[in-house]
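The structure appears right after this line, and notes come after that.
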Amino acid sequence: MGDSVTTNQPIEKRPRKQVEYNIILCSGPSCLHNKSSELYTEIVKQLEAFNCQSKVEIILSGCLGMCARGPIMVINPGYILYGDVGVNDVHDIIKGHIVDKTPFSQKVIHEDHLFNRFYRVFGDVKFFGKQMRIALRNCGIIDPEKIDDYLSVRGYEALAKVLTDYSPAEVIHQIQDSGLRGRGGAGFPTGLKWKLTADAEGEVKYVICNADEGDPGAFMDRSAIEGDPHSIIEGMLIGGYAVGAKKGFLYIRAEYPLAIKRLEKALTAAREQNFLGDNILGSNYSFDIEIRLGAGAFVCGEETALIQSIEGERGMPRPRPPYPSVRGLFDKPTLTNNVETWANIPVIILDGAKWFSTIGTKSSKGTKVFAVAGNVENTGLVEVPMGTTLREIIFDICGGIPGNRKFKALQTGGPSGGCLTEDSLDTQVDYESLAKAGSFMGSGGMIVMDDTTCMVNVARYFLEFTQNESCGKCTPCREGTKRMLEILTRITDGRGEVKDIEKLERLGAMISKASLCGLGRSAPNPVLSTLSKFRNEYEDHILHKKCTTGSCQAMLTYSINDQCIGCGACIRVCPVNAIKGIKRNPHTIDSELCIKCGECMKVCKFRAIDRV
Amino acid sequence: MKNPLEIIKVKRAEAINRILGRGYFSTKRVYVGMATCEIAAGSADVMEIFQTAIKNGLVDVYLSQKGCAGRCNLEPTVEVIEEGKIPVKYGLVDAGRAHEIIERHLKKGEVIEEWVIQ
């Protein structure tokens, strides 16, 4: 994250776009702005009058949920909300805000600086302009360790609304109508999951929050918990009420000490205010949450393995059915949702399923948080409405590939996902479209790779991860991934055999079909998808013993060219004494002894060392 | 008896009052990012510098921590909000920049443009 940047340089201003401001116009059902509406044309006209149309971008957004104060207009930087905007106000607003850099105060909705539900964006128009924050609505805005801050942004109001106005069945209806689907990866309809648990027989039921985030490069859940722990607690409280549970478990990995500390603090504060405990807010509903720490096993993110781990057993998945919604934790009906899913719940209750279902695509509603890492200019946490294209995320929001390199591939869905190439960049982000393009939504890890990345090595890396994390219960996963990893290691070491590609495909298909849980079933995905899209790289490695990107060290040979003046610098650093030569005469490298560490190349001042 | 919605309204009003009591209506509000990632990038030191400055007599500033907004490569981030002005978000704030933000922005009201995340 922030560790690799030096802090004494000014922040680079991206030259690509000169947009300095964006104006967001609400096009929701009561404001109804569109490109032909009077307000829109007036804005365009005024921008031209002040000659600042080139630095302003106008965005039509979905309902901002402030219909009472509409028409609403938001100007960034600053996320300054203008309410009740008439055509005659446009001149003053644009002159004030954009020309004189002072918000036009008569129309600013003042109380919304802290007390609003919406995200506050300071500067940073390019990064935040296309984002929409629902799950992360309070992250980076409120003080996560103070329940007062959460209360001030309508915290726990959704809970109170549910307890006052809704029966459990009505809550489930709301969630079903919203179209929310599980954000942990598979995208199971959340409302249906709730209904199944509510309908299951039994007095005692449980609710679980799955915060066992384990994908390499993913940190959405950590940020959500560290930035706004109460949202998740409130979501679980509503879930518990809907399915009839009195107890919740928050399963989080021990590697997240700060997140755990803030959760504990939040739970204590919530108990003090009677949001947790008996007869919550004077109602008949009682509920409490316990934190359970996981030891960091990837497989414990799988629902049934997670349940076993909470029970104190070894975290291993068990076959389904029976589904956890019928027989889960301690053999009782159990509702498990991911952190991000829970964080969406209070918003759906407060603003209504109807509003929520206007965001996103036909089959996937709402927003999705992605942790974008790898070869992009702005690594970071991004929340976009479903239906945003991958190109918009990588190139518009995250600023594209640094160092003038070329985009090569994008891995979504972590070690269970697949890689996507340039031609898939216009794929919209939703569960079905990503699956169709050959990847997987997953929990939201997104790793961008440029043309210096060796895809065989990437596949090997992900497989090494899943192989390490395989719990060992079922043979296809335990043995199959091991064999696949051996083959991949062989290929990257330059010892690949002609039949290896075929073997990988056969093994992969077998593991996908025969494994017990999602970990095994999806483990071959990175290999199979790189095989289908970058088969030529596998062939180069196997047939020509060549890694075109130079990533696979074993296939490189170092040699000394005629630039060598015989200074001896390389001889001194070579750890295995593979370089020989007399002073002031060209040296040579013994390729038998060379371990390809590259130290000689680093110290040579005369570019005399070649690497092929 | 009050219903839960009425109770929550009272609780929110109390919470807002407590926030105001902590000096929320100061002319300048400063938010320092304090998630694991920001702390790893050095925000704990930055926070301490602001705290020390307030202890040593910097007035009319409301200081608060905040979670991560997702701007990983520009962390630590510090936001300065002034009523009636366009809010400012500084990126890559280290100890040196924190001191300058206090001297130039918080004391003299000058926005240090080159560190602002545009």
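Chain order of the listed sequences is C and P.
Note that my numbering gives residue 572 to position 572 of the first sequence, counting from 1, and the numbers run on in steps of one.
Note that my numbering gives residue 680 to position 68 of the second sequence, counting from 1, and the numbers run on in steps of one.
Built from N, CA and C at the ideal position, the CB exists for glycine as well.
One thing to note: Arg624 (chain P) has its Cβ within 8 Å of the Cβ of Ser152 (chain C). Contact check for Pro688 (chain P) and Glu726 (chain P): beta-carbon distance about 17 Å, past the 8 Å limit, so the pair fails to qualify. Judged by DSSP in its simplified three-state form, Phe395 (chain C) adopts helix.
Under the DSSP assignment, Ser439 (chain C) falls outside any beta strand (DSSP E); it carries neither an H nor an E label.
Listed along chain C, the residues sitting closer than 7 Å to Asn615 (chain P) by beta-carbon distance are Thr164. The beta carbon of Val299 (chain C) sits closer than 8 Å to the beta carbons of Ala305, Gly315, Met316, Pro317, Glu469, Ser470, Cys471, Cys517 and Leu519 from its chain, once the five residues preceding and following it are set aside; these are given in chain order. DSSP places Ser559 (chain C) in the strand class (E or B) of the three-state scheme. With respect to the C-alpha of Leu504 (chain C), the residue from C:Thr489, C:Gln174 and C:Val527 having the closest C-alpha is C:Val527. Within the stretch 677 to 688 of chain P, Gln677, Lys678, Gly679, Cys680, Ala681, Gly682, Arg683, Cys684, Asn685, Leu686, Glu687 and Pro688 place their CB atoms closer than 8 Å to a CB of chain C, listed in sequence order. Legend: CB atoms of the stretch 207 to 239 of chain C lying less than 8 Å from CB atoms of chain P belong to residues Phe219, Arg222, Ser223, Glu226, Gly227 and Asp228. Annotated three-state conformation of Ser223 (chain C) is helix, per DSSP. Counted as a single uninterrupted DSSP element, the stretch harbouring Arg183 (chain C) is not any alpha helix (DSSP H), since DSSP gives it neither H nor E.
Each of C:Val372, C:Ile491 and C:Ile560 was checked against the Cα of Lys545 (chain C), and the nearest Cα belongs to C:Ile491. Residue contact with chain P for Leu258 (chain C): present (Cβ-Cβ distance below 8 Å to some residue of chain P). Taking each of C:Glu226, C:Lys406 and C:Val498 in turn and checking the Cα distance to Glu145 (chain C), the smallest one comes out for C:Glu226.
Rounded to the nearest angstrom, the Cβ distance from Gln428 (chain C) to Thr367 (chain C) is 13 Å, too far for a contact under 8 Å. Close partners of Thr379 (chain C) in chain P (Cβ separation under 8 Å): Cys684 and Asn685.
Secondary structure at Phe287 (chain C): strand, using DSSP grouped into helix, strand and coil. Sequence-distant partners of Ser364 (chain C) (beyond 5 residues in either direction) whose C-beta falls short of 6 Å from its own C-beta, in its chain, are Met386, Asp430 and Tyr431. Around the Cβ of Met220 (chain C), a 10 Å sphere holds 16 or more other Cβ atoms; the residue is buried. Listed along chain C are Leu151 and Ser152, each with a C-beta nearer than 7 Å to that of Arg624 (chain P). For Tyr461 (chain C), the uninterrupted alpha helix (DSSP H) run begins and ends at Met455 to Glu469, by DSSP.
For Gly635 (chain P), the three-state secondary structure derived from DSSP is coil. Sequence-ordered contacts of the stretch 644 to 665 of chain P with chain C read Gly645, Met646, Ala647, Thr648, Cys649, Glu650, Ile651, Ala652, Ala653, Gly654 and Ser655 [C-beta pairs closer than 9 Å]. Taking each of C:Lys161, C:Asn51, C:Asp215 and C:Val376 in turn and checking the Cα distance to Phe127 (chain C), the smallest one comes out for C:Val376. Chain C places a beta carbon closer than 8 Å to that of Ala627 (chain P), counting this residue as a contact. Short of 6 Å from the beta carbon of Tyr643 (chain P), and not among the five residues preceding or following it, lie these beta carbons of its own chain, in chain order: Ser676, Lys678 and Glu691.
Going by DSSP, Glu712 (chain P) is part of the alpha helix (DSSP H) stretching over Ala707 to Glu712. Where Thr481 (chain C) is concerned, the enclosing alpha helix (DSSP H) starts and stops at Thr475 to Thr492. Around the beta carbon of Gln467 (chain C), 16 or more other beta carbons sit within 10 angstroms, so the residue counts as buried.
Following the DSSP letters along the chain, one finds Ser529 (chain C) inside the alpha helix (DSSP H) bounded by residues Asn525 to Lys533. By the criterion of at least three beta-carbon pairs nearer than 8 Å, the stretch 580 to 599 of chain C is not in contact with the stretch 483 to 490 of chain C. Beta-bridge analysis with DSSP links Gln411 (chain C) to C:Cys419 and C:Ile447. Neighbours of Ile714 (chain P) across chain C, judged by C-beta separation under 7 Å, do not exist; the nearest C-beta is about 17 Å away.
The three-state secondary structure of Cys600 (chain C), taken from DSSP, is helix. Take Lys482 (chain C), set aside five residues on each side of it, and the residues of its chain with a beta-carbon closer than 7 Å to its own are Gln467, in chain order.
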